[in-house]
Structures are given as C-alpha cells and as structure tokens.
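A.B. asks: Here's a structure for you.
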Amino acid sequence: YPSDNIRNFSIIAHVDHGKSTLADRLLELTGTIRKGHGQPQYLDKLQVERERGITVKAQTATMFHRHKFLGSDTDFLLNLIDTPGHVDFSYEVSRSLAACQGALLVVDAAQGVQAQTVANFYLAFESNLAIIPVINKIDQPTADPDRVKAQLKSMFDLDPSDALLTSAKTGQGLEQVLPAVIERIPPPPGKSTSPLRMLLLDSYYDEYKGVICHVAVVDGALHKGDKISSAATGQSYEVSDVGILHPELVPTGILLTGQVGFMVSGMRSTKEARVGDTLHHARTVIQPLPGFKPAKHMVFSGLYPADGSDFEALNHAIERLTCNDASVSVTKESSTALGLGFRCGFLGLLHMDVFHQRLEQEHGAHVISTVPTVPYIFEYSDGSKVEVQNPAALPSNPKNRLTACWEPTVIATIIIPSEYVGSVITLCAERRGEQLEYSFIDSQRAFMKYRMPLREIVVDFYNELKSITSGYASFDYEDSEYQSSDLVKLDILLNGQPVDAMATIVHKSKAPRVGRELVEKLKKFIDRQMFEIIIQAAIGTKVIARETLSAMRKNVLAKCYGGDITRKKKLLEKQKEGKKRMKRVGSVDIPQEAFHELLKVS
Ligand code: GTP
55 YPSDNIRNFS
65 IIAHVDHGKS
75 TLADRLLELT
85 GTIRKGHGQP
95 QYLDKLQVER
105 ERGITVKAQT
115 ATMFHRHKFL
125 GSDTDFLLNL
135 IDTPGHVDFS
145 YEVSRSLAAC
155 QGALLVVDAA
165 QGVQAQTVAN
175 FYLAFESNLA
185 IIPVINKIDQ
195 PTADPDRVKA
205 QLKSMFDLDP
215 SDALLTSAKT
225 GQGLEQVLPA
235 VIERIPPPPG
245 KSTSPLRMLL
255 LDSYYDEYKG
265 VICHVAVVDG
275 ALHKGDKISS
285 AATGQSYEVS
295 DVGILHPELV
305 PTGILLTGQV
315 GFMVSGMRST
325 KEARVGDTLH
335 HARTVIQPLP
345 GFKPAKHMVF
355 SGLYPADGSD
365 FEALNHAIER
375 LTCNDASVSV
385 TKESSTALGL
395 GFRCGFLGLL
405 HMDVFHQRLE
415 QEHGAHVIST
425 VPTVPYIFEY
435 SDGSKVEVQN
445 PAALPSNPKN
455 RLTACWEPTV
465 IATIIIPSEY
475 VGSVITLCAE
485 RRGEQLEYSF
495 IDSQRAFMKY
505 RMPLREIVVD
515 FYNELKSITS
525 GYASFDYEDS
535 EYQSSDLVKL
545 DILLNGQPVD
555 AMATIVHKSK
565 APRVGRELVE
575 KLKKFIDRQM
585 FEIIIQAAIG
595 TKVIARETLS
605 AMRKNVLAKC
615 YGGDITRKKK
625 LLEKQKEGKK
635 RMKRVGSVDI
645 PQEAFHELLK
655 VS
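For what it's worth, UniProt numbering labels the leading residue of the sequence shown as 55, then goes sequentially.
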C-alpha cells in the first residue's frame, strides 16, 4: 500500500457517547471481525474496561476497505487508533493522536457537547487533525441532532453540513463513515525514501513473545531482521517480528511508510519501550520526532500488603502489572504503621482505582492503600525545595523549618444544565476554586472554567458534582501551574502514637473540619478492643480533634449458647476471614475499610 492509500485516524468522544461501539461496527463493516462475534467492544480488552464500560488502554486495529476514489475502485488500508475517553488518560489520547491525520469526533445526539468533547476537540485541533463530526445515537427518542449541530458550530466553528448522523446501535448512517475518512482525512505525510523514523505508541508484555511494541512508521520502512536503535536510550535491538494488528497480530515481515503495526525486538521489559520515543535504523542519524507530553503523576498513594507476610507477593503482582502499564511510577517505601510497601504515582484517581482493581482481580493481591496525596512543593529555611509525595516524609512540626509551600492546580471544565449553576458555583467555592469563565453553549447548557487546587478534586469531587447535578454534569481537567498555599500536616494519633500512614496535608482553613471528620470516621470503623483507644488529630503538638473508643471484650462466640459445633466453626472462620484485612498498628487492629473511608474525607 503506497501511503496515498493509507488513512490513520482516531475516534474521540466524551465517555459513553459510543466510541467503542462505533469502532466495533467499523471493524465488522470491513470484515476485520465477524459480526456478532459474541464479544461486544472488541477493542476494550481488559476486564476492568468491560466491567466499568470505559476504555483504559488505547488499542489499534488495521482494516482494509475498497472505495471508489477519483473515479476508480481503490483499496485502502485504514488504521483505527482507539483512544481512552476518561479525563485521567488524556495522555494516552495525545499519544494516539500523534500518529493520526484525522479524527472522528463522536457526540451523543441527545446529550450534546460535554466536557471531554471540548477537551478532546482541542487536543485534535492542536495536533492539526482533520476533524469529522459524528452525531451518534440518533435512534434515541430524545435525540436532537440539530441542536448538537448548532453547538458544534458555536463551540468549535464546525460546519453543520459536515456532520454525519449515525446510530452505532441500529447501523443507520454508518455507510457514510469510511468514505468520509478516506475523502476528508489526508494520507500520512512521511517520505518513503527517507531513513526510517517510527514513533513508539504503546507497549505491553506478552508471556510468549516478550515486549510487543505498537509503532507508527513515519518515514522509510521497517523490515523483519532490521537492526534498530532508540533515540532516547541509544540501545540497539534486532527486529524479530513485525506486522499489522488485524486486530490480532498478523506478521507481514514489513511495515511501510505511514503504516501502523506491531514490532517485537527482544526488549526485556516495557520500561525499555518508552512511549513517544523515536526508533530508527542503527547507525543512521535522524532528527527525533516531536515526542508526546510524558505521563505526569498527579496522585500518589502508598500500597501495602493487607497481610504483612505478603510483601513479596505484592511486589511480584506490581511488577507484573506495571509491565502493562508503564504510566504508574513505583518506589519502595516503609511505614512504621504498615511495614514495607510501595509509593505509587498515578495519572489520576480513576487510574489509581483501576490499578487497585487490576492488582486484586488479575493478580490476587490484597492491598491497603493510604490517603491519596498530590505532589506538593515545600521550601526549607535554607532555600532548598523538595517535592513531597508522601505526607509522612514531612516533619510533624514543619512551621519551624519550612518557609513556603505550593500546591498543584488544574483548570477544570464543567458543562451543566443551567438550573444547576448555583449549586455548582457553591461547590467550587467550597473547594477553593477560582472562576475563570462562565458562558452558555446554548439556551439550556452552561459552560464554566475554574482554576482549582488539584487536591480538592482528587478527593471525591466528581462524585459530589454528579450528585448535586443529578448526574448531568460533565467534567474534565488539565493540569496547570503551582500556586502558593497555606498548607499544614495533619497527624492522626492512636493512643498518643502518630500513625504515619494516616497523615495528610491539608489547607490550613480546612484542617479543623477534616481533623474532626477523620477521627469520627476512625471511631466508627475501628472495632472496640480490649483496651480504651484515644483517637486524635493534631497539627504539630496541637490536638484539634479527639474521640475515645471505650474498651470491650469482643467474643464472637458469646451469642452461641449451647454446643452447636458447626455454627461455632463457621463463626470462627468468619472471624478469621475478617482478620485477613486487618492491620495491627501499634497495639490497635485497624480494618482495611477504615483506611478506605479516610480516602473520602476532603
Ligand atoms: P468509553 O469507552 O468509556 O469512552 O465509552 P464509549 O464512548 O466507547 O461508549 P460505548 O461504545 O461503550 O457506548 C456507551 C453505551 O452507549 C453502550 O451501552 C452502547 O451500547 C450505547 N450506544 C452506543 N452507540 C449507540 C447508538 O447509536 N444508539 C444507542 N441507543 N445506544 C448506543
């Protein structure tokens, strides 16, 4: 296929607007997958993705399609690059877009433009992609394509007559999609006569083949047996297999200019396969391709084995999982309360949740996670600055030695039906937000932009936003600069002993309320034990909240009169089961849920 007959495109959309369903239909239309193959949403591979109905990892597939072009029947090779639809993964979106010349912008015909539609549009627009608006779900009774067309015009200056109307469910209008891709998206611009340059799009670990890289060949061609080098590391490799994703791996022995496919090259770990790296033939000199924005870790949390002896098992599980998700950063840490564990950095809260869920589901690990924190910057009196990813790393009486602190902020985009404007403004003010923009995208929907401290959205913001707007709000954010802030470290003490794993950093104005809520939550979730437990929240040496849990002898058999042995056994089993998820801190047993509940206090 000469590059004139190749089209590389993505589908971008707000979550749930039908991107994966549309992708499936296109794969079926081109015979790439069989119709009704019994596995809806072919491109969503991970179990979590299926369960949560969200796309986490971008996947790619090649399709073949014959189309009458410039008067004659021509065969085209179309590379569809699927992108994740959630705020945490805009990094993967921009990575996918770098290999495309165009994008289908899918918008739900009833819901209209939403926050991630806006974010994704701008990512595509900044990458100079040809954008084809697709108004999907026109089969719904509440569909109003004309209203959506007007929104696309007013928000993005997209011509209403360019919009395709489809239903990925009934198949209506789908026949126009691939012709539009071929006619409106330009072919990849690379040169076949130039030395090889290819972009590393993604990588994952396969037990049999080793590291498999997804690549986009920008210039030149890649053959099996080629010796290649990484522009980032200088390491060289021999290509042992190369081919297309159809959507399974189909070896072809070669990838030509403009093609997207896979490559196996004896890399030992996905850490060697740096996403955004330029790969080239060994011993040729090339100008590296512009890379992508590297993954930025916005949320950090400690992960500890729920059962102290399982450290090695957790270590192994994390290693296996990061083979497939190189966007998580992992360093070992130890806590006096929880023992040996890991500090992990995530792209966002959903990313963190997904990582936990995969650790448990796919690797059978039981973990306790500590309150998530954002990366703060503190300045010491000697002028040195440190990034603090773990509140425990901060001295308990920081005011003595710290002269200034900064916290990361984000620019949040919120789209809501106009009747909720008042309550959303109140919520954003409570979360220390600063309004930057407030306008209407049509007569029923408001559009707002806020600068907010990242910390304030990390803790349960999206859930609260959805609940005060009956689920109608849509929300997206991009990271912005650091702002100076009055921060304090809040310690939690059990019987006078600080529990390092429960320390948090909060804005001074919020410390009294957060402290009170934390001790109340803990009192509720810690079972009474054989001695009294005093739970305190403190800033430095100043206690700001206190609860007492009185002593009680807990005996699961107390209610078991008489000699029913099986019932007795069952109860003992149940108690043992419950103990698995306990962590003994000093002399106090704390259930895993207590740690979990602390995550929700903002
Ligand atoms: P993410 O992968 O999470 O970004 O979502 P998505 O945009 O890929 O949405 P997905 O394809 O998973 O579709 C979301 C829901 O909408 C699913 O329940 C689909 O069955 C449904 N859906 C998709 N297309 C249509 C359509 O044309 N009409 C109707 N009525 N429902 C549709």
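Here a beta-carbon is modelled for each residue, glycine too, at the ideal position from N, C-alpha and C.
In this text the structure is predicted, and so the values were computed from the model without any measurement.
Looking at C-alpha atoms only, which residue of R567, L299, L158 is the closest neighbour of N174?
C.D. replies: Checking every option, the nearest Cα to that of N174 belongs to L158.
A.B. asks: What does T467 pair with, by DSSP beta-bridge criteria?
C.D. replies: Partner(s): K503, D530.
A.B. asks: For N182, does the three-state DSSP call read helix, strand or coil?
C.D. replies: In this structure, N182 counts as coil in the three-state DSSP scheme.
A.B. asks: Can you tell me the Cα-Cα spacing of S389 and M317, whole angstroms?
C.D. replies: Distance between the alpha carbons of S389 and M317 is about 42 Å.
A.B. asks: Quick one: Cα of K223 to Cα of K191, how far?
C.D. replies: Going by the C-alpha atoms only, they are around 7 Å apart.
A.B. asks: At a threshold of 6 Å, does Q168 count as lining the ligand GTP (C-beta to nearest heavy atom)?
C.D. replies: Outside the cutoff, so no.
A.B. asks: With distances taken between CB atoms, is the gap from L218 to Q230 smaller than 7 Å?
C.D. replies: The answer is yes: Cβ separation under 7 Å.
A.B. asks: At which residues does the alpha helix (DSSP H) containing K578 begin and terminate?
C.D. replies: Looking at the DSSP string, the run of the alpha helix (DSSP H) that includes K578 is 565–579.
A.B. asks: Just checking V384 against the ligand GTP - is the residue's beta carbon closer than 6 Å to any of the ligand's heavy atoms?
C.D. replies: Flag unset: Cβ of V384 not near the ligand GTP.
A.B. asks: Tell me whether Q194, by its Cβ, gets closer than 6 Å to a heavy atom of the ligand GTP.
C.D. replies: Result yes, Cβ under 6 Å from the ligand GTP.
A.B. asks: Closer than 6 Å to a non-hydrogen atom of the ligand GTP - does that hold for the CB of N190?
C.D. replies: Checking every heavy atom of the ligand GTP against the Cβ of N190, one is found closer than 6 Å.
A.B. asks: For the ligand GTP, any of its heavy atoms closer than 6 Å to the Cβ of G72?
C.D. replies: At least one heavy atom of the ligand GTP is nearer than 6 Å to the Cβ of G72, so yes.
A.B. asks: Would you call the stretch 470–483 and the stretch 520–528 touching, i.e. three or more CB-CB distances under 8 Å?
C.D. replies: In short, these stretches touch, since the Cβ pair count reaches three.
A.B. asks: State yes or no: is the C-beta of S534 nearer than 6 Å to some heavy atom of the ligand GTP?
C.D. replies: No, the beta carbon of S534 sits no closer than 6 Å to any heavy atom of the ligand GTP.
A.B. asks: Assuming residue 658 and V642 form a contact by the criterion Cβ under 8 Å, report the distance between their Cβ atoms to the nearest whole angstrom.
C.D. replies: Lying outside 55 to 656, the shown extent of the chain, residue 658 is not represented and no answer is given.
A.B. asks: What does a CB cutoff of less than 6 Å around G107 pick up in its chain, not counting 5 residues either side in sequence?
C.D. replies: Low local confidence applies: a pLDDT of 46 at G107 is under 50, so the model's placement there is unreliable, and no value is given.
A.B. asks: In the structure shown, what three-state DSSP assignment does K281 receive?
C.D. replies: Correct three-state label for K281: strand.
A.B. asks: Kindly identify the DSSP beta-bridge partner or partners of C267.
C.D. replies: S257, M317, per the DSSP bridge assignment.
A.B. asks: For the alpha helix (DSSP H) containing E386, list its first residue and its last residue.
C.D. replies: One detail in the question is off: residue 386 reads as Lys in this sequence, not Glu. Not the alpha helix (DSSP H): K386 falls in the beta strand (DSSP E), residues 383–389.
A.B. asks: Could you tell me the alpha carbon to alpha carbon distance between L232 and V513, rounded to whole angstroms?
C.D. replies: Cα to Cα, the separation comes out at about 42 Å.
A.B. asks: So Y430 and I559 are in contact, right, with Cβ under 8 Å, and what is the actual spacing, rounded?
C.D. replies: Confirmed, about 6 Å.
A.B. asks: Evaluate D58 with the Cβ neighbour count: other Cβ atoms within 10 Å of its Cβ, from every protein chain shown; 16 or more gives buried, anything less gives exposed.
C.D. replies: D58 should be labelled exposed.
A.B. asks: Alpha carbon to alpha carbon, how far is I644 from M584? Give it in angstroms, no decimals.
C.D. replies: The straight-line gap from Cα to Cα measures roughly 14 Å.
A.B. asks: Going straight from the alpha carbon of L394 to that of D533, what length do you get?
C.D. replies: If I take the Cα positions, the gap works out to 31 Å.
A.B. asks: Beta-carbon within less than 6 Å of F432's beta-carbon, same chain only, minus the 5 sequence neighbours each way: which residues are those?
C.D. replies: Closer than 6 Å at the Cβ level, and outside the excluded window around F432, lie V440, V442, L456, C459.
A.B. asks: Measure from the alpha carbon of D273 to the alpha carbon of each residue in D280, T116, E292, S248, then state which is nearest.
C.D. replies: Minimum Cα distance to D273 is reached at S248.
A.B. asks: In three-state DSSP terms, what is V655?
C.D. replies: Coil.
A.B. asks: Please report how far the alpha carbon of A285 lies from the alpha carbon of R328, in whole angstroms.
C.D. replies: Between A285 and R328, the C-alpha separation is close to 10 Å.
A.B. asks: Quick one: residues in its chain with C-beta nearer than 6 Å to the C-beta of L368, no 5 flanking neighbours on either side, listed in chain order?
C.D. replies: Same-chain partners within the cutoff: P359, A419.
A.B. asks: Note down the Cα distance separating V202 from G156, rounded to an integer number of angstroms.
C.D. replies: Roughly 21 Å separates the two Cα atoms.
A.B. asks: For K245, which residues of its own chain have a beta-carbon under 6 Å away from its beta-carbon, when the five flanking residues on both sides are left out?
C.D. replies: Same-chain partners within the cutoff: D273.
A.B. asks: May I have the straight-line CA-CA distance separating L333 from E292, to the nearest angstrom?
C.D. replies: Roughly 12 Å separates the two Cα atoms.
A.B. asks: Quick check: the stretch 258–274 against the stretch 164–181, are at least 3 beta-carbon pairs closer than 8 Å?
C.D. replies: The stretch 164–181, when compared against the stretch 258–274, does not touch it at the 8 Å Cβ threshold.
A.B. asks: May I have the straight-line CA-CA distance separating R582 from V384, to the nearest angstrom?
C.D. replies: Distance between the alpha carbons of R582 and V384: 35 Å.
A.B. asks: I need the DSSP call for I598, collapsed to helix, strand or coil.
C.D. replies: Strand at I598.
A.B. asks: Where does Q411 sit, in a helix, a strand or coil, going by DSSP?
C.D. replies: It is helical.
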